[in-house]
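Visitor: One structure, pasted below without further comment.
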């Protein structure tokens, strides 16, 4: 008896240790302990269930199913294992099997909103909208703040072209959780009242056609489709960005500028928008404006070779050489083949009177196995250095 108690205590201690690893997201160590427990005791539900959970969280759904099925074989009334097993099959797009397991879980625990959410998702995918609506509404009866249920309802109603009902559900998400990723989706999905008479699918086609025409370089058609899309969904910052890119390629700089500004106004924390606006402003030689915009790009994550190059280039224009050099060096650390960064760095060194370092950068440019108009400009810089050396000697 004492040995049995000691064994049980040891198993509990190992399980606690594995749980600590699991909470720390040290999954491999947690898995090793639970698998060892399972090998010694194939009927240990805790180890099997825990392995199913950890593999599910790692999105290894096939492995999760193996262990969770073992749990349900040992304990057919384990409603949690049944639910997660059904959820795993849902992720594997095996909808009929998923539905069966989730319904079994629901029969044992009829107040589980996750079961209704998952069934709603299954029926939505299978285009069984009425059943989907029933499931999402049951989830809301349990928890009327469950934004995923409102999202599911909004999508179904939008697909069925019940725009007013779709809008009510999307607005509810924004009201309950305004700063969540689901709210961001809801804001984009929100069908403007002007969309009456046109389906959500038709609106999406404007975007797809705009992108397709852009890839084919049919810029007028691309711009036209993006503008049609934005007529119905004016708060979609991403499409304002795509519109700006199409206008930029068409060399309609004013329209491009306005579209970039609109994208930033809607989503002021997207570094990409600031970076691309900086590229546009760089064409017009307004270094202070470029630097202000690129500072925002870096602040919101766009600390890449292009950003650092443009910062260095515009600091050069302002004769702020001591600031430009470290930025251009950063650009080259990220991409040693960035010929513009190397050219601007050479210019900075020459402006700073460091002709030897300037010469080194120019020679590197001239030895690069690629064609670029910057090579001829680099040769002109080299002549500047040679003349400076001559003047110095004289």
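Residue numbers (this note's numbering): 1281 to 1674. Beta carbons are placed, not taken as given, at the ideal position from N, Cα and C, and that holds for glycine.
#1: What three-state label does DSSP hand residue 1648 in the structure shown?
#2: In the structure shown, what three-state DSSP assignment does residue 1581 receive?
#3: Touch check for the stretch 1485 to 1495 and the stretch 1507 to 1526: three-plus C-beta pairs under 8 Å?
#4: Please work out which residues of its chain come closer than 7 Å, Cβ to Cβ, to residue 1655, disregarding the five sequence neighbours upstream and downstream, and give them in chain order.
#5: How do the stretch 1457 to 1466 and the stretch 1491 to 1502 stand: do at least 3 beta-carbon pairs fall below 8 Å, yes or no?
#6: Given residue 1608, which residues of its chain have a CB within under 6 Å of its CB, disregarding the five upstream and five downstream residues?
#7: Between residue 1570 and residue 1564, what straight-line distance do the alpha-carbon atoms span, to the nearest angstrom?
#8: Quick check: residue 1295 and residue 1313, are their CB atoms within less than 9 Å of each other?
#9: In terms of alpha-carbon separation, which member of 1499, 1547 and 1534 lies closest to residue 1517?
#10: Mind checking if residue 1567 is an interface residue toward chain B, Cβ cutoff 9 Å exclusive?
#11: So what's residue 1576 in DSSP terms, helix, strand or just coil?
#12: Thinking C-alpha only, which one of 1405, 1397 and 1424 is nearest residue 1415?
#13: Taking the C-alpha atoms as reference points, what is the distance between residue 1453 and residue 1443?
#14: Drop a sphere of 10 angstroms on the beta-carbon of residue 1406, count the other beta-carbons inside from all chains shown, and report buried for 16 or more, exposed for fewer.
#15: Just to confirm, is the Cβ distance from residue 1399 to residue 1422 under 9 Å?
#16: With H, G and I counted as helix, E and B as strand and the rest as coil, what does DSSP make of residue 1616?
#17: Check whether the Cβ atoms of residue 1580 and residue 1551 sit closer than 9 Å, and answer yes or no.
#18: Whose C-beta lies closer than 8 Å to the C-beta of residue 1338 among residues of the same chain, with five residues either side of it excluded?
#19: Output yes or no for whether 9 Å exceeds the beta carbon distance between residue 1560 and residue 1537.
#20: Suppose the cutoff is 6 Å on Cβ atoms and the five residues either side in sequence are ignored; what does the same chain contact list for residue 1476 look like?
#21: Considering only residues of the same chain and omitting the five flanking positions on each side of residue 1304, which have a CB-CB separation below 8 Å?
#22: Mark residue 1596 as exposed unless 16 or more other C-beta atoms lie within 10 angstroms of its C-beta, in which case mark it buried.
#23: Ordered along the chain, which non-local residues of its own chain (more than five positions away) have a Cβ less than 6 Å from that of residue 1594?
#24: Could you compute how far the alpha carbon of residue 1653 sits from the alpha carbon of residue 1429?
#25: Classify residue 1541 as helix, strand or coil using the three-state DSSP reduction.
#26: Taking its Cβ as the centre, do 16 or more other Cβ atoms sit within 10 Å of residue 1671, making it buried, or is it exposed?
#27: So, are the CB atoms of residue 1431 and residue 1466 less than 9 Å apart?
#28: Would you mind sorting residue 1334 into buried or exposed? The rule is 16 or more other CB atoms within 10 Å of its CB.
#29: Tell me whether the beta-carbon of residue 1435 lies closer than 9 Å to the beta-carbon of residue 1404.
#30: Alpha carbon to alpha carbon, how far is residue 1657 from residue 1587? Give it in angstroms, no decimals.
#31: Could you tell me the distance, in whole angstroms, from the CA atom of residue 1393 to the CA atom of residue 1343?
#32: What are the boundary residues of the alpha helix (DSSP H) that residue 1428 is part of?
#33: Report the residue ranges of all alpha helix (DSSP H) runs contained in full by the stretch 1456 to 1517; include only those spanning at least 4 residues, in chain order.
Guide: Judging by the given coordinates:
#1: DSSP places residue 1648 in the coil class of the three-state scheme, outside both helix and strand.
#2: DSSP places residue 1581 in coil when its eight states are reduced to three.
#3: The stretch 1485 to 1495 vs the stretch 1507 to 1526: in contact.
#4: So the list reads 1645 and 1646, once near-sequence residues are dropped.
#5: With fewer than three CB-CB distances shorter than 8 Å, the stretch 1457 to 1466 does not count as touching the stretch 1491 to 1502.
#6: Once the five neighbours on either side are set aside, the close Cβ partners of residue 1608 are 1592, 1621, 1624 and 1625.
#7: Straight through space, the alpha carbons of residue 1564 and residue 1570 are spaced by roughly 9 Å.
#8: In contact: residue 1295 and residue 1313 (Cβ atoms closer than 9 Å).
#9: The residue with the shortest Cα to Cα distance from residue 1517 is 1547.
#10: Structure shown: chain B not included; a single protein chain is present.
#11: Assignment of residue 1576 by DSSP, reduced to helix, strand and coil, places it in the helix class.
#12: The shortest C-alpha separation from residue 1415 is found at 1397.
#13: For residue 1453 and residue 1443, the distance between alpha carbons rounds to 16 Å.
#14: Residue 1406 is exposed by the Cβ-count criterion.
#15: Annotated as distal: residue 1399 and residue 1422, with beta-carbon spacing of 9 Å or more.
#16: Correct three-state label for residue 1616: coil.
#17: A contact, by the Cβ cut-off of 9 Å.
#18: Excluding residues within five positions, the ones whose Cβ falls inside 8 Å are 1307.
#19: For the pair residue 1560 and residue 1537, the CB atoms are nearer than the 9 Å cut-off.
#20: Because the pLDDT of residue 1476 is 48, which lies under 50, any placement of that residue in the model is unreliable, and the question is left without a value.
#21: Contacts found: none.
#22: By the neighbour-count criterion, in which 16 or more other beta carbons inside 10 Å mark a residue as buried, residue 1596 falls on the buried side.
#23: Taken in chain order, the residues that qualify are 1567, 1570 and 1571.
#24: Whole-angstrom Cα-Cα distance: 57 Å.
#25: Three-state result, residue 1541: helix.
#26: Unreliable placement is indicated for residue 1671, whose pLDDT of 44 sits below 50; the coordinate value is still reported in the next sentence. By the neighbour-count rule (16 or more Cβ atoms within 10 Å), residue 1671 is not buried but exposed.
#27: The answer is yes: Cβ separation under 9 Å.
#28: Residue environment: residue 1334 is assigned as buried (16 or more neighbouring CB atoms within 10 Å of its CB, all protein chains considered).
#29: It is a contact, given that the beta carbons lie within the stated cut-off.
#30: Distance between the alpha carbons of residue 1587 and residue 1657: 22 Å.
#31: Using only the alpha carbons, I get a separation of about 25 Å.
#32: Residues 1427 to 1439.
#33: Taking only runs of at least 4 residues, the alpha helix (DSSP H) segments lying wholly in the stretch 1456 to 1517 are 1461 to 1469, 1480 to 1495 and 1499 to 1512.
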